[in-house]
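Everything below concerns the one structure shown next.
Protein chains: 2
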Amino acid sequence: LHATTVSILGERALIQRITSRLSQPSWVVVGPGDDAAVIEPERGALEVITADVQVEGVHFDRRFVPPDAIGHRALAVNLSDLAAMGASPRAALLSLVLPDTLEVEAIDGMLDGLLSLAARHRLSLVGGNIARSPGPLIVDVTATGAARPRRVLTRAGARPGDELWVTGTIGDAIVGLRSLQRGLDGPPRRLDAVAERRAHQCEQRYLRPEPRVRIGILLGRNRAASACMDLSDGLADGVRQIAEASGVGAVMDASSVPISEEARRWYECQGLDAIDACLAGGDDYELLFTVRPAHRARLRVVQKESGGVPITRIGIVSRERQVIVRDANGQRELPLGFEHFRRDIR
Amino acid sequence: LHATTVSILGERALIQRITSRLSQPSWVVVGPGDDAAVIEPERGALEVITADVQVEGVHFDRRFVPPDAIGHRALAVNLSDLAAMGASPRAALLSLVLPDTLEVEAIDGMLDGLLSLAARHRLSLVGGNIARSPGPLIVDVTATGAARPRRVLTRAGARPGDELWVTGTIGDAIVGLRSLQRGLDGPPRRLDAVAERRAHQCEQRYLRPEPRVRIGILLGRNRAASACMDLSDGLADGVRQIAEASGVGAVMDASSVPISEEARRWYECQGLDAIDACLAGGDDYELLFTVRPAHRARLRVVQKESGGVPITRIGIVSRERQVIVRDANGQRELPLGFEHFRRDIR
Numbered sequence: 576l577h578a579t580t581v582s583i584l585g586e587r588a589l590i591q592r593i594t595s596r597l598s599q600p601s602w603v604v605v606g607p608g609d610d611a612a613v614i615e616p617e618r619g620a621l622e623v624i625t626a627d628v629q630v631e632g633v634h635f636d637r638r639f640v641p642p643d644a645i646g647h648r649a650l651a652v653n654l655s656d657l658a659a660m661g662a663s664p665r666a667a668l669l670s671l672v673l674p675d676t677l678e679v680e681a682i683d684g685m686l687d688g689l690l691s692l693a694a695r696h697r698l699s700l701v702g703g704n705i706a707r708s709p710g711p712l713i714v715d716v717t718a719t720g721a722a723r724p725r726r727v728l729t730r731a732g733a734r735p736g737d738e739l740w741v742t743g744t745i746g747d748a749i750v751g752l753r754s755l756q757r758g759l760d761g762p763p764r765r766l767d768a769v770a771e772r773r774a775h776q777c778e779q780r781y782l783r784p785e786p787r788v789r790i791g792i793l794l795g796r797n798r799a800a801s802a803c804m805d806l807s808d809g810l811a812d813g814v815r816q817i818a819e820a821s822g823v824g825a826v827m828d829a830s831s832v833p834i835s836e837e838a839r840r841w842y843e844c845q846g847l848d849a850i851d852a853c854l855a856g857g858d859d860y861e862l863l864f865t866v867r868p869a870h871r872a873r874l875r876v877v878q879k880e881s882g883g884v885p886i887t888r889i890g891i892v893s894r895e896r897q898v899i900v901r902d903a904n905g906q907r908e909l910p911l912g913f914e915h916f917r918r919d920i921r
Numbered sequence: 576l577h578a579t580t581v582s583i584l585g586e587r588a589l590i591q592r593i594t595s596r597l598s599q600p601s602w603v604v605v606g607p608g609d610d611a612a613v614i615e616p617e618r619g620a621l622e623v624i625t626a627d628v629q630v631e632g633v634h635f636d637r638r639f640v641p642p643d644a645i646g647h648r649a650l651a652v653n654l655s656d657l658a659a660m661g662a663s664p665r666a667a668l669l670s671l672v673l674p675d676t677l678e679v680e681a682i683d684g685m686l687d688g689l690l691s692l693a694a695r696h697r698l699s700l701v702g703g704n705i706a707r708s709p710g711p712l713i714v715d716v717t718a719t720g721a722a723r724p725r726r727v728l729t730r731a732g733a734r735p736g737d738e739l740w741v742t743g744t745i746g747d748a749i750v751g752l753r754s755l756q757r758g759l760d761g762p763p764r765r766l767d768a769v770a771e772r773r774a775h776q777c778e779q780r781y782l783r784p785e786p787r788v789r790i791g792i793l794l795g796r797n798r799a800a801s802a803c804m805d806l807s808d809g810l811a812d813g814v815r816q817i818a819e820a821s822g823v824g825a826v827m828d829a830s831s832v833p834i835s836e837e838a839r840r841w842y843e844c845q846g847l848d849a850i851d852a853c854l855a856g857g858d859d860y861e862l863l864f865t866v867r868p869a870h871r872a873r874l875r876v877v878q879k880e881s882g883g884v885p886i887t888r889i890g891i892v893s894r895e896r897q898v899i900v901r902d903a904n905g906q907r908e909l910p911l912g913f914e915h916f917r918r919d920i921r
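In order, the protein sequences belong to chains A and B.
Oh and the first sequence: position 68 is 643 in my numbering, straight run, nothing missing.
Oh and the second sequence: position 301 is 876 in my numbering, straight run, nothing missing.
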């Protein structure tokens, strides 16, 4: 008889096991299970808080992720969670768990990446703590943000007939990761200048993702979105999460999923289907959101103020509780997504 | 030429290296360097936030710290930080970094300890995240609390002539830790019933410390304390930290330091000086605070409402920037404290 261990149970079951034990007082507006928690400490002002831990060897590989990118990513994943709630970033705490052998220069580099991203989004690093560790490097960031009541975005507001939208392009980060991993394992790559530039662009998307803070705030402030989340775990996972939280389904149009030219060409060269790969991929930190047909004008306002980030309609919310992908060959149920926890570095 | 690594630099130098790069906007009332950060998101209401990471093998040893105590301690250290600021606990986030081989029962146990302490202090666990790890078990808790402007307690308000006070008793936790460690390494202990009970009491103080939440809130609300901090790193460290932050010194009366009968007897049996050991020890999570002589009446109000926790005067704040210990043999400068970072499990 074996004991049940963490590796057997998996992330979602573990989270479920924890959250099932929690009861929340009335001032907890959004508890566990969304991109971030929302509390209402004073009437009329919401506080949004989120924490995300990055573990070396699980979430990043120090052999090809430079220190500044580790710092950037550790904050970016939290900013992306705040953006997904429509919150304005405010303050952060940084917990560092450091191997004894880590060079101090690497810490400086992590701070460079973290602080320059923080400055761009007017977020202040106000505290934290440092511990040493016999294990891997761990960077745990907690971030808080502000939102107004009834302007906060959750995953649970989608209704049948709402349109499904995403920001930016999907899939680049995974291509970038694969490219970085190949540079590590394989022989030195020989690419022409165009392919080299393509690979570099995707690598940047993996190493230094730009959280969609401004669009998230605009979507909340203008009440343009009925549900929203960020795509840390991929588009397929995202659509399923919104559908589950809202008690609905969705029909996605495969041909409209915004895949960059760089990612599409990379998958072609590998002989892989770009759509399937991009549906399953992750680390994009784009926003997925739903919009009531009657609120299209609000979305146009958001689009005009969002500084040129593309927003693409990729499907529609349905009553039937399943997620369908339509393409030229017909329609099929969405392939089962991965669980982040089991997957490690993809 | 060797690169400077984490182990060479030490905790304080690392923290200094980070905080020297930070600039804080005006709404950051207390930045890094105190027990917790304080921000003023809305005029008139302060938010206190703190994070503390506990690493297996560094902050606790799973061979003699049971899961519920790991969970209790992980939250207690944060509650103690909030108490030291005079803040009322509100919400917490839990980041778990779990080895694959960890049994799910251990996670349940950690939650038992954490949630029962949270319930007693009316704090809600509102979110967090889980990651797997190839390394040690890591429990990182972020806690937020509320305080009113000008009621928040920092380390920086002590003035010459203020009295130096501590809550509870000092040194029990370290005795408890030593006792637990001995149970691990040595032959099975043979103690009489009295000694066994003494050891057990000290072990409980180490395993399940009671953060002084109520007294912290009372000290802040009644404006009884001019400076305050918690004794996570020991009394000697605490007095020095308040002295440094306030730009003052202190004279401590060794004979008045409240050492429990249990701890005193334990040190006697070891042939060690109890005062020196208790000054250098840590993990007590008592509060150290200073009181203006004119505010003694306020302190009496706190004492009356504090539910029987003893409060002891142990010295006085001085103008000369040094920390002096007076005992029957005369006076001496305080022995140099340890650095938590270098020390690991004491």
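Every residue, glycine too, gets a C-beta built ideally from N, C-alpha and C.
With 16 other Cβ atoms within 10 Å as the buried cut-off, status of residue i
i: Ile583 (chain A); result: exposed
i: Ser831 (chain A); result: exposed
i: Phe916 (chain B); result: Because the pLDDT of Phe916 (chain B) is 47, which lies under 50, any placement of that residue in the model is unreliable, and the number read from its coordinates should be weighed accordingly. Buried: at least 16 other Cβ atoms inside 10 Å.
i: Cys803 (chain A); result: buried
i: Leu982 (chain B); result: There is simply no residue 982 (chain B) to check, as chain B begins at 576 and stops at 921 in what is shown.
i: Cys844 (chain A); result: exposed
i: Gly813 (chain B); result: buried
i: Glu837 (chain A); result: buried
i: Ala768 (chain A); result: exposed
i: Ala578 (chain A); result: exposed
i: Arg815 (chain B); result: buried
i: Gln629 (chain B); result: buried
i: Leu862 (chain B); result: buried
i: Pro868 (chain B); result: exposed
i: Glu778 (chain B); result: buried
i: Ala872 (chain B); result: exposed
i: Arg695 (chain B); result: exposed
Cutoff 8 Å; reference residue i; Cβ partners in own chain excluding five residues on either side
i: Pro616 (chain A); result: Trp602 and Glu622
i: Glu914 (chain A); result: Interpretation of Glu914 (chain A) is limited by its pLDDT of 48, a score under 50 that renders its predicted location unreliable; the figure taken from the coordinates is listed afterwards. Correct list, in chain order: Gly585, Glu586 and Arg587.
i: Pro833 (chain B); result: Val741, Gly743, Thr744, Ile745, Pro885, Thr887 and Ile889
i: Thr594 (chain B); result: Gly606, Pro607 and Gly608
i: Arg725 (chain B); result: Arg798
Other residues of its chain near residue i: CB distance less than 7 Å, five sequence neighbours each side excluded
i: Val679 (chain A); result: none
i: Asp828 (chain B); result: Ile889, Gly890 and Arg901
i: Arg918 (chain A); result: Note on Arg918 (chain A): pLDDT 47, under 50, position unreliable in the model; no value is reported.
i: Ser881 (chain B); result: Arg789, Ile790 and Leu793
i: Asp675 (chain A); result: Arg707
Residue i - partner residues in DSSP beta bridges
i: Asp683 (chain A); result: None; Asp683 (chain A) has no bridge partner.
i: Cys803 (chain B); result: B:Phe864
i: Asn539 (chain B); result: The structure shown has nothing for residue 539 (chain B), since chain B only spans 576 to 921.
i: Ile624 (chain B); result: B:Ala612 and B:Thr719
i: Glu738 (chain B); result: B:Val866 and B:Ile891
i: Gln629 (chain A); result: A:Val714
i: Leu743 (chain A); result: First, the amino acid is wrong: residue 743 (chain A) is Gly here, not Leu. DSSP lists no partner for Gly743 (chain A).
i: Asp828 (chain B); result: B:Arg901
i: Pro762 (chain B); result: Bridge partners of Pro762 (chain B): none, in fact.
Close-in-space but distant-in-sequence residues of the same chain around residue i (CB under 6 Å, 5 per side omitted)
i: Leu854 (chain A); result: Leu810 and Ala811
i: Ala733 (chain B); result: Ser801, Ala802, Ile817, Ser821, Val823, Thr865 and Val892
i: Gly720 (chain A); result: Val623, Leu657, Ala662, Ser663, Pro664 and Arg665
i: Thr625 (chain B); result: Ala611, Asn653, Asp656 and Ala718
i: Ala852 (chain A); result: Tyr842
i: Gly706 (chain B); result: The displayed chain sequence assigns Ala, not Gly, to residue 706 (chain B). Contacts found: Val672.
* To do: Report the residues of the segment 617-644 of chain A with a CB closer than 9 Å to any CB of chain B, ordered along the chain.
  => For the segment 617-644 of chain A, the residues whose beta carbon sits under 9 Å from a beta carbon of chain B are, in order, Glu617, Gly619, Ala620, Glu622, Ile624, Thr625, Ala626, Asp627, Val628, Gln629, Val630, Glu631, Gly632, Val633 and His634.
Exercise. What are the residues of the segment 702-722 of chain A that lie near chain B, defined by any Cβ-Cβ distance shorter than 8 Å?
Worked result: Only Gly702, Gly703, Asn704, Ile705, Ala706, Arg707, Ser708, Pro709, Gly710, Pro711, Ile713, Asp715, Thr717, Thr719 and Ala721 from the segment 702-722 of chain A bring a Cβ to less than 8 Å from some Cβ of chain B.
Contact list for the segment 657-680 of chain A against chain B, Cβ threshold 9 Å = Residues Arg665, Ala666, Leu668, Leu669, Ser670, Leu671, Val672, Leu673, Pro674, Asp675, Thr676, Leu677, Glu678, Val679 and Glu680.
If the cut-off is 9 Å on Cβ atoms, which residues from the segment 869-889 of chain B count as contacting chain A, listed in chain order? Listed in sequence order: no entries.
Residues from the segment 784-802 of chain A in contact with chain B, defined by Cβ distance under 9 Å = Residues of the segment 784-802 of chain A whose Cβ lies closer than 9 Å to any Cβ of chain B: none.
Residues of the segment 690-701 of chain B with a CB closer than 7 Å to any CB of chain A: list them in chain order, please.
Of all residues in the segment 690-701 of chain B, only Leu690, Ser699, Leu700 and Val701 come within less than 7 Å of chain A when Cβ atoms are compared, listed by chain position.
Q. Can you list, in chain order, the residues of the segment 594-619 of chain B whose Cβ is nearer than 7 Å to any Cβ on chain D?
A. This model lacks chain D altogether; the protein chains it does include are A and B.
Quiz item: Considering only residues of the segment 837-885 of chain A, which uninterrupted alpha helix (DSSP H) runs meet the minimum length of 4 residues and lie entirely inside it, listed in chain order?
Solution: If you keep only unbroken alpha helix (DSSP H) runs of at least 4 residues inside the segment 837-885 of chain A, you get 849-855 and 871-880.
Exercise. Identify each residue in the segment 576-588 of chain B for which the Cβ-Cβ distance to at least one residue of chain A is less than 7 Å, and report them in chain order.
Key: Answer set for the segment 576-588 of chain B: Ala578, Thr579, Thr580, Val581, Ser582, Leu584 and Glu586.
Q.
So if I threshold CB-CB distances at 8 Å, which residues from the segment 726-746 of chain B count as touching chain A?
A. Residues of the segment 726-746 of chain B with a C-beta less than 8 Å from any C-beta of chain A: none at all.
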